[in-house]
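*Asks:* Numbering (this note's numbering), first residue to last: 13 to 440.
#1: For residue 337, count neighbouring Cβ atoms within 10 angstroms of its own Cβ and tell me buried if that reaches 16, exposed if not.
#2: Restricting to runs no shorter than 4 residues, where is the alpha helix (DSSP H) found entirely within the stretch 52 to 85?
#3: Out of 427, 372, 157, which has the shortest C-alpha to C-alpha gap to residue 417?
#4: State the start and end residues of the unbroken alpha helix (DSSP H) segment that holds residue 130.
#5: Who does residue 298 pair with in a DSSP beta bridge?
#6: Helix, strand or coil for residue 41? Go by DSSP, reduced to three states.
#7: What residue does the alpha helix (DSSP H) around residue 215 start on, and which one ends it?
#8: With a threshold of 8 Å, are at least 3 pairs of Cβ atoms found where one atom belongs to the stretch 286 to 294 and the other to the stretch 161 to 181?
#9: So residue 287 and residue 270 are supposed to be a Cβ contact under 8 Å. How far apart are they, rounded?
#10: Residue 404 to residue 398, Cα distance in whole Å?
#11: Answer yes or no: do residue 268 and residue 279 have a C-beta to C-beta separation smaller than 8 Å?
#12: Roughly how many angstroms separate the alpha carbons of residue 161 and residue 128, rounded to a whole number?
#13: Using CA coordinates, which residue listed in 311, 202, 402 is at the minimum distance from residue 347?
#14: Out of curiosity, what's the CA-to-CA distance linking residue 261 and residue 79?
#15: In terms of residue numbering, what span does the alpha helix (DSSP H) encompassing residue 395 cover?
#16: Would you tell me roughly how many angstroms separate the C-alpha atoms of residue 187 and residue 345, rounded to the nearest one?
#17: To the nearest angstrom, report how far apart residue 326 and residue 283 are at their CA atoms.
#18: Quick check: what's the CA-CA separation for residue 285 versus residue 334?
#19: Can you find the residues in the same chain that come closer than 6 Å, C-beta to C-beta, to residue 16, ignoring five residues on each side of it along the sequence?
#20: Below 8 Å CB to CB, which residues in the same chain sit around residue 383 once its five sequence neighbours on both sides are set aside?
#21: What would DSSP say about residue 261, mapped onto helix, strand or coil?
#22: Tell me the DSSP secondary structure of residue 334 in three-state form.
#23: By Cβ distance, which residues of its chain are closer than 6 Å to residue 366, with the 5 residues on each side in sequence left out?
#24: Using CA coordinates, which residue listed in 322, 275, 156, 339 is at the minimum distance from residue 369?
#25: For a quick check, are the C-beta atoms of residue 330 and residue 317 less than 8 Å apart?
#26: Mapping the DSSP letters down to three states, classify residue 22 as helix, strand or coil.
#27: For residue 433 and residue 277, I'd like the C-alpha separation in whole angstroms.
#28: Going straight from the alpha carbon of residue 360 to that of residue 54, what length do you get?
#29: Between which two residues does the alpha helix (DSSP H) containing residue 313 stretch?
#30: In whole angstroms, what is the alpha-carbon distance linking residue 220 and residue 198?
#31: Under the three-state reduction of DSSP, which class applies to residue 381: helix, strand or coil?
#32: Between the stretch 200 to 208 and the stretch 220 to 233, do at least 3 Cβ pairs fall closer than 8 Å?
#33: Evaluate residue 249 with the Cβ neighbour count: other Cβ atoms within 10 Å of its Cβ, from every protein chain shown; 16 or more gives buried, anything less gives exposed.
#34: Buried or exposed: residue 56, going by 16 or more other Cβ atoms within 10 Å of its Cβ?
#35: What's the gap between the Cα of residue 310 and the Cα of residue 290?
#36: Among 98, 362, 414, which one has its Cα closest to the Cα of residue 387?
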């Protein structure tokens, strides 16, 4: 990555003494030596723009010991997005594949802050969330206790480390004293004896489709988006032991496991149906804005809709702003998507609403067909969804697409889908 920004270190010109770079390639980099030479200090904010690997584990350990904060930067980001993130994050040091250097234009953080981490950006420009050491310790500790994970129980890291879900895997291993192995997103085979792995539903579905035996894991922590019942059932039938988590970057990742809050975590649902989270894992504030976004009594509004059953188990319905109101009926996109995915001609899909003069909003389905040469028709999908959940929830517009835009963690970018054009409409 090469950016014309005061917070970017340019590749190619760092080997000179005047650049301030500790001139060691990351492939042979002793991060501790480099951090010592750069004099990492309390309150430093260290941007890390590297592919996943051992250097991440080393800089995380060094930064934690120095009471410095990590600012993870996805090394795959386009140049404008990376430049914007670094400008807003104002790191005091940066580690890239060319080395580690101090940046004079940076702004220190409170030494209590352990992470300055971007949100997923699924609903707009990523915010930079500040998470304290206390919050990280609370999230990691409660997770390890819930999973009954001991010091010798290793973790497989196969998620992007620039997001909270992936970074928490590293931090569980670091703070729990456990082994850690890095693998690509598609390498889910449990060979190697590591009992724990964290993944997203898309990875799980692809592994099951490929016939990968996932029974060797003691637990597969699944987060990063809603997991449909059909996928849960497929995983269970295959012998995979999945723990479905819910949380946000602002809650230090997943803090609800299989619908139940982790110890110390609070869950409540407002009269308007919004899920709110409480407890010691919540953010301290935003690096790039004012306040912490919490309610007056210290709860985090999630923007998600859900309800609690008599046993205190949380049931999620979707994002409040994704709700489609059509002809006076409430339609949750996730429920329609689950029905559509059960159609044999549908490989993937996303559902969203568009303004409609008659219905207020109409339900639109963007569908990736299993056979592009023979995509499903709108009428057959309406019939299928109608048989599953009622015709009033069935799509009135169909968009055939080659693929769906998602975040690095597999979340749909619904707001971008609304710009597409439909292939037909059905009568009421």
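Even for Gly, the Cβ is constructed at its ideal location relative to N, Cα and C. In this text the structure is predicted, and so the values were computed from the model without any measurement.
*Replies:* A quick look at the data gives this:
#1: Translated into positions along the chain shown, residue 337 becomes position 325. So residue 337 counts as exposed.
#2: Look at the stretch 52 to 85 and you find these whole runs of alpha helix (DSSP H), each 4 residues long or longer: 66 to 78.
#3: In the chain shown, residue 417 corresponds to position 405, counting from 1. For the residues 427, 372, 157, the minimum Cα distance to residue 417 belongs to 427.
#4: As a first step, residue 130 must be located in the chain shown, where it is residue number 118. Premise fails: residue 130 lies in the beta strand (DSSP E), 125 to 130, not in any alpha helix (DSSP H).
#5: Taking the first residue of the chain shown as 1, we reach residue 298 at position 286. DSSP, once it has assigned bridges, lists 141 as partnering residue 298.
#6: If you number the chain shown from 1, residue 41 lands on position 29. In this prediction, residue 41 has a pLDDT of 44, which is less than 50 and means its spatial position is unreliable; what the coordinates show is noted afterwards. Residue 41 falls in the coil class under three-state DSSP.
#7: By 1-based counting over the chain shown, the position of residue 215 is 203. Counting along the chain, residue 215 sits inside the alpha helix (DSSP H) bounded by residues 213 to 221.
#8: No contact exists between the stretch 286 to 294 and the stretch 161 to 181.
#9: Numbered from its first residue, the chain shown carries residue 287 at position 275. Numbered from its first residue, the chain shown carries residue 270 at position 258. Between the beta-carbon of residue 287 and that of residue 270 there is about 15 Å, and that puts the pair past the 8 Å contact cut.
#10: The residue given as residue 404 occupies position 392 in the chain shown. The residue given as residue 398 occupies position 386 in the chain shown. Taking the straight line joining both Cα atoms gives about 7 Å.
#11: Indexing the chain shown from 1 puts residue 268 at position 256. Indexing the chain shown from 1 puts residue 279 at position 267. Cβ atoms of residue 268 and residue 279: closer than 8 Å.
#12: Position 149 of the chain shown, counted from the start, is the residue given in the question as residue 161. Position 116 of the chain shown, counted from the start, is the residue given in the question as residue 128. Take the alpha-carbon of residue 161 and the one of residue 128: they are about 26 Å apart.
#13: Against the chain shown, residue 347 aligns to sequence position 335. Comparing Cα-Cα distances from residue 347 to each of 311, 202, 402, the minimum goes to 402.
#14: Within the chain shown, numbered from 1, the residue matching residue 261 stands at position 249. Within the chain shown, numbered from 1, the residue matching residue 79 stands at position 67. Taking the straight line joining both Cα atoms gives about 20 Å.
#15: Residue mapping note: residue 395 aligns to position 383 of the chain shown, counting from 1. Here the alpha helix (DSSP H) through residue 395 covers 390 to 401.
#16: What you label residue 187 is simply residue 175 of the chain shown in a count that begins at 1. What you label residue 345 is simply residue 333 of the chain shown in a count that begins at 1. For the pair residue 187 and residue 345, the Cα-to-Cα distance works out to about 38 Å.
#17: Residue 326 sits at position 314 when you count from the first residue of the chain shown. Residue 283 sits at position 271 when you count from the first residue of the chain shown. When the Cα atoms are used, residue 326 and residue 283 turn out to be separated by approximately 15 Å.
#18: Locating residue 285 in the chain shown gives position 273, counting from the first residue. Locating residue 334 in the chain shown gives position 322, counting from the first residue. For residue 285 and residue 334, the distance between alpha carbons rounds to 13 Å.
#19: The sequence position of residue 16 within the chain shown is 4, counting from 1. Residue placement at residue 16 cannot be trusted, given a pLDDT of 30 that sits under 50; what the coordinates show is reported in the next sentence. In its own chain, leaving out the 5 sequence neighbours on each side, no residue places its CB closer than 6 Å to the CB of residue 16.
#20: By one-based count along the chain shown, residue 383 stands at place 371. Once the five neighbours on either side are set aside, the close Cβ partners of residue 383 are 357.
#21: As a working note, residue 261 is residue 249 in the chain shown. Residue 261: helix per DSSP, three-state reduction.
#22: Along the chain shown, one-based indexing puts residue 334 at 322. Here residue 334 sits in helix by DSSP.
#23: The residue you call residue 366 lines up with position 354 of the chain shown. So the qualifying residues of the chain are 374, 376.
#24: In the chain shown, the residue the question calls residue 369 occupies position 357. Residue 339 is the option with its Cα nearest to residue 369.
#25: Your numbering for residue 330 matches position 318 in the chain shown. Your numbering for residue 317 matches position 305 in the chain shown. Inclusion of residue 330 and residue 317 in the CB contact set at 8 Å is warranted, their separation being smaller than that value.
#26: Locating residue 22 in the chain shown gives position 10, where the first residue counts as 1. The predicted position of residue 22 is uncertain, since its pLDDT is 25 and thus under 50; no value can be drawn from it.
#27: Counted from its first residue, the chain shown places residue 433 at position 421. Counted from its first residue, the chain shown places residue 277 at position 265. The predicted model places residue 433 with a pLDDT of 39, which falls under 50 and marks its position as unreliable; any figure quoted below should be read in that light. Near 43 Å, if we compare the C-alpha coordinates of residue 277 and residue 433.
#28: As a first step, residue 360 must be located in the chain shown, where it is residue number 348. As a first step, residue 54 must be located in the chain shown, where it is residue number 42. A straight-line Cα-Cα distance of about 47 Å links residue 360 and residue 54.
#29: Residue numbering aside, residue 313 sits at position 301 when the chain shown is read from its first letter. Premise fails: residue 313 lies in the beta strand (DSSP E), 312 to 320, not in any alpha helix (DSSP H).
#30: To locate residue 220, count along the chain shown from 1; it is residue 208. To locate residue 198, count along the chain shown from 1; it is residue 186. Our two residues, residue 220 and residue 198, have alpha carbons roughly 11 Å apart in a direct line.
#31: Taking the chain shown and counting its residues from 1, one reaches residue 381 at position 369. Residue 381: strand per DSSP, three-state reduction.
#32: Proximity of the stretch 200 to 208 to the stretch 220 to 233 meets the contact definition, three or more beta-carbon pairs being nearer than 8 Å.
#33: Here residue 249 refers to the residue found at position 237 when the chain shown is read from its first residue. Within 10 angstroms of the beta-carbon of residue 249 lie fewer than 16 other beta-carbons, which makes it exposed.
#34: Here residue 56 refers to the residue found at position 44 of the chain shown. With 16 or more Cβ atoms within 10 Å of its Cβ, residue 56 is classed as buried.
#35: Position 298 of the chain shown holds residue 310. Position 278 of the chain shown holds residue 290. Straight through space, the alpha carbons of residue 290 and residue 310 are spaced by roughly 7 Å.
#36: In the chain shown, counting from the first residue as 1, residue 387 sits at position 375. Just measuring C-alpha positions, the residue of 98, 362, 414 sitting nearest residue 387 is 414.
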